[in-house]
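Enquirer: Chains as they are written, first to last, in numbering that gives the first Met the number 0: chain U, 0 to 325; chain P, 0 to 325. Just so it is clear, CB atoms sit at the ideal spot from N, CA and C, and this is done for glycine as well.
Number of protein chains: 2
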Amino acid sequence: MKYEGKTVLEVGERSALAQTVAHFKPVASTIIGSGDDSAVIGLSSNRFVVTTDSMVEGRDFRLDFSSGFDVGYKAAATNLSDVAAMGAQPVALVVALLITRDTKLSWLEDFAKGLQSALDELAPSAAVVGGDLALADQIVVAVTAHGDLLNQKPILRSGARPGEVLAVAGTLGKAAAGLSLLLHEDKSLAASYPELVQVQLRPRPPIATAVSAGASAMLDISDSLALDANRLASASNVSLRINSSDLQGYVAVLEQAAQSVSARDGKNLDPISWVLFGGEDHGFLASFPKGSVPAGFKAIGSVEAGSGVHLDSEPLAAKGWDSVSS
Amino acid sequence: MKYEGKTVLEVGERSALAQTVAHFKPVASTIIGSGDDSAVIGLSSNRFVVTTDSMVEGRDFRLDFSSGFDVGYKAAATNLSDVAAMGAQPVALVVALLITRDTKLSWLEDFAKGLQSALDELAPSAAVVGGDLALADQIVVAVTAHGDLLNQKPILRSGARPGEVLAVAGTLGKAAAGLSLLLHEDKSLAASYPELVQVQLRPRPPIATAVSAGASAMLDISDSLALDANRLASASNVSLRINSSDLQGYVAVLEQAAQSVSARDGKNLDPISWVLFGGEDHGFLASFPKGSVPAGFKAIGSVEAGSGVHLDSEPLAAKGWDSVSS
């Protein structure tokens, strides 16, 4: 174990990169992978989609909660969900990674394994095709993800029409519940609900379900159901009505965890707040013509003329995660 | 001036982004710009090139040397040069920007103006199509740039063949000279050589020249002529010979600045070291069949059988900038 316990700085950039890149594997669309000035990616048509998202140590993840594998997995998953939300099949990721002087080579390799594992599990059509490694005061991961529209039109946020059905795919509130458990001073709580913690650390958006959904409008629920529903309503110039009865299943699976937190804090935590206002599940919110909701999506409401979002008859505020002011 | 002197945090993410994104303009290939989950980019064929590079405050730039405009300009220029080095025409940039709690909105706007200005001047075919803004302990810019191969084959580092001519486009050593002047304790030095400082702060790689060059092999000179020539030699499995006589013009324009530094330091600084071992000019090193060196490129040597790089008859070590260990 030549490199055991060594930092990336001690090993040197070139050796460390060689060790790390070895964990990535090309896919059919990877015409030229990493090693030249740019990568070259093949598509089924002459258009591609692109999105970028960054994660910052101390704000988006903590090294005492997340392993390198977790950080890599989540960085891939959150960007793949933005590609899939356009109805595009993920094909390529490039990764700008900033590490610190103390970052171990083993962390870097673990990070690479997490990235590749997310691709294997969520989007086997995609590869890491390039990246950049540099030093900073804290770990930062900036992933840019690319998708192939497969000769289909992109699914925009602006396509929802009155009379359509509002539906979601993926989990709702589990990532927020997991974060509450991780942050709780009673450290035994997180260990009691490993599935919720797992969704926070390694979200598993149903990428293939979204890509093939054929939605009229779609976005990925990154900041909260309430906030992202308001974005969809605004972009489509419609009103969205969410039925609380359709959210009961999402609430039910969080009730026990909410009770555990409530018992320790001596106050009543309603798990509906995780479902409505918690982010980071990275599921999908979409609208479909009546009768066209595909398998993997669950109807939670309707698209109507007007503006804003209502939960039953009450206005639902655009409350959720804000990457700058939170 | 509603926002005068305010930080991005005080203004809030949404307002700050609206103010900033207003400085970007779409181009013909921008099918869907920023505002949805991903952007959609049109191409002339079903392949695209992609590259990513990051710049970190305190390592790649200093806020006392560089304005927001400079940082934006350089972040665009360095990534555009990686796209052009593949023989691809730049079409789209996405920008992950990390700012601090103290970053003023005016800095952010200035940064956006610098990005757009680099596109206007160096690659008017390209647009900023998306981004991500978040908080960190220092400013970090991670740009991912995309190019259209215009139905041509990509120009790789591996295409140089014995018998070809080695040539460069762009400046050599000016960026390194500019950095030496900026870092010198005699602060009057930088003011005496504004052109050299300008190349360091806002490099202007000849993008269009590279895209249309039709080279056999090409890369952008980011880390140093010596280091990047060794990369080209290694990828092409050839030996490169650089003629010192062909570098005289590059050295001559740096001599006065070198003398000024030498006079203050009481030792003899040979400006050839800036030309050979200085990075950040982001010009291009390429090989061409004999008689095919296009306008804008200047022959500096030859491609031969063998390995490694020689300056006249002496081996030229792969010395230059290393983003992790430097």
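(1) Between L42 of chain P and chain U, is any beta-carbon pair separated by less than 8 Å?
(2) Spatial neighbours of V292 of chain U within its chain, please: CB distance less than 7 Å, with the 5 preceding and 5 following residues excluded, ordered by chain position.
(3) Locate the alpha helix (DSSP H) running through L182 of chain P, then write down its first and last residues.
(4) Quick one: what's got a C-beta closer than 6 Å to R13 of chain U's C-beta in the same chain, skipping five residues either side?
(5) Is it right to say P193 of chain P is buried, meaning 16 or more other beta carbons lie within 10 angstroms of its own, or is it exposed?
(6) Could you tell me if L97 of chain P is buried or exposed, where buried requires 16 or more neighbouring beta carbons within 10 angstroms of its beta carbon?
(7) Answer yes or no: does any C-beta atom of chain P fall closer than 8 Å to that of P25 of chain U?
(8) Quick check on the burial criterion: 16 or more other C-beta atoms within 10 angstroms. Buried or exposed for L315 of chain U?
(9) Hey, S221 of chain U and H145 of chain U are a contact pair by Cβ (cut 8 Å); roughly how many whole angstroms apart?
(10) Below 8 Å on the Cβ atoms is my guess for R156 of chain P versus A76 of chain P; work out the distance and round it to an integer in Å.
(11) Quick one: which chain P residues come within Cβ less than 9 Å of F110 of chain U?
(12) Taking 8 Å as the threshold (beta carbon to beta carbon), is D36 of chain P in contact with chain U?
(13) Which of helix, strand or coil does DSSP assign to K297 of chain P?
(14) Helix, strand or coil for F23 of chain U, going by three-state DSSP, please let me know.
(15) Out of curiosity, what's the CA-to-CA distance linking S324 of chain P and V10 of chain P?
(16) For D222 of chain U, decide whether its Cβ has a neighbour in chain P, counting only Cβ atoms nearer than 8 Å.
(17) What does a CB cutoff of less than 6 Å around A83 of chain U pick up in its chain, not counting 5 residues either side in sequence?
(18) Rounded to whole angstroms, how far is the Cβ of A111 of chain U from the Cβ of T19 of chain U, which I believe are closer than 8 Å?
(19) Could you tell me whether any Cβ in chain U is nearer than 8 Å to the Cβ of I31 of chain P?
(20) Of all Cβ atoms in chain U, is any one closer than 8 Å to the Cβ of P153 of chain P?
(21) Say whether the segment 86-97 of chain P touches the segment 177-184 of chain U, bearing in mind that this needs 3 or more beta-carbon pairs closer than 8 Å, one atom from each stretch.
(22) Quick check: what's the CA-CA separation for F283 of chain U versus L200 of chain U?
(23) Determine the chain P residues that contact T50 of chain U at a beta-carbon separation under 8 Å, and present them in chain order.
(24) Apart from the five residues on each side of it in sequence, which residues of its chain come closer than 8 Å, Cβ to Cβ, to N150 of chain U?
(25) Straight-line CA distance for S301 of chain U to P153 of chain U?
(26) Quick one, which residues of the segment 133-145 of chain P are near chain U if we go by CB-CB under 7 Å, in chain order?
(27) Does the distance from the CB of A174 of chain P to the CB of E254 of chain P come in under 8 Å?
(28) When the Cα atoms are used, what is the spatial distance from A141 of chain U to D52 of chain U?
(29) I'd like the list of long-range same chain contacts for R230 of chain P, defined as Cβ closer than 7 Å, with 5 residues on each side in sequence excluded.
(30) Do you know offhand how far R240 of chain U's Cα is from S312 of chain U's?
(31) Here's a check: name, in chain order, each residue in its chain whose Cβ is nearer than 6 Å to the Cβ of L104 of chain U, leaving out the five neighbours to either side.
(32) In this structure, what does DSSP give as the bridge partners for F64 of chain P?
(33) Which bits of chain P does L97 of chain U rub up against, with CB to CB less than 7 Å?
(34) Buried or exposed: which applies to K73 of chain P, given that a residue is buried once 16 or more other Cβ atoms fall within 10 Å of its Cβ?
(35) Using a Cβ cut-off of 8 Å, pull out every chain P residue sitting near V82 of chain U, in sequence order please.
Expert: Concretely, from the data shown:
(1) For L42 of chain P, at least one C-beta of chain U is nearer than 8 Å to its own C-beta.
(2) V164, A166 and A298, listed in sequence order.
(3) K173 to L182
(4) none
(5) exposed
(6) buried
(7) no
(8) buried
(9) Wrong, their Cβ atoms sit about 18 Å apart, outside the cutoff.
(10) Not really, about 20 Å apart at Cβ, beyond 8 Å.
(11) Within 9 Å Cβ-Cβ: nothing; F110 of chain U doesn't reach chain P, min ~15 Å.
(12) yes
(13) The three-state secondary structure of K297 of chain P, taken from DSSP, is strand.
(14) coil
(15) Confidence at S324 of chain P is low in this model, with a pLDDT of 46, below 50, so the placement of that residue is unreliable and no value is reported for it.
(16) no
(17) I206, A209 and V210
(18) 5 Å
(19) yes
(20) yes
(21) no
(22) Cα-Cα distance, rounded: 18 Å.
(23) D36, S37, A38, V93 and G129
(24) For N150 of chain U, where only same-chain residues beyond five positions count, the Cβ hits under 8 Å are S43 and S44.
(25) So the alpha carbons of these two residues sit roughly 22 Å apart.
(26) A133, L134, A135, D136, Q137, V139, A141, T143 and H145
(27) It is not a contact, given that the beta carbons lie outside the stated cut-off.
(28) 6 Å
(29) R156 and L218
(30) 8 Å
(31) Y2, K5, V7, V10 and A15
(32) Bridge partners of F64 of chain P: none, in fact.
(33) Within 7 Å Cβ-Cβ: S53, V55 and V139.
(34) buried
(35) D36 and S37
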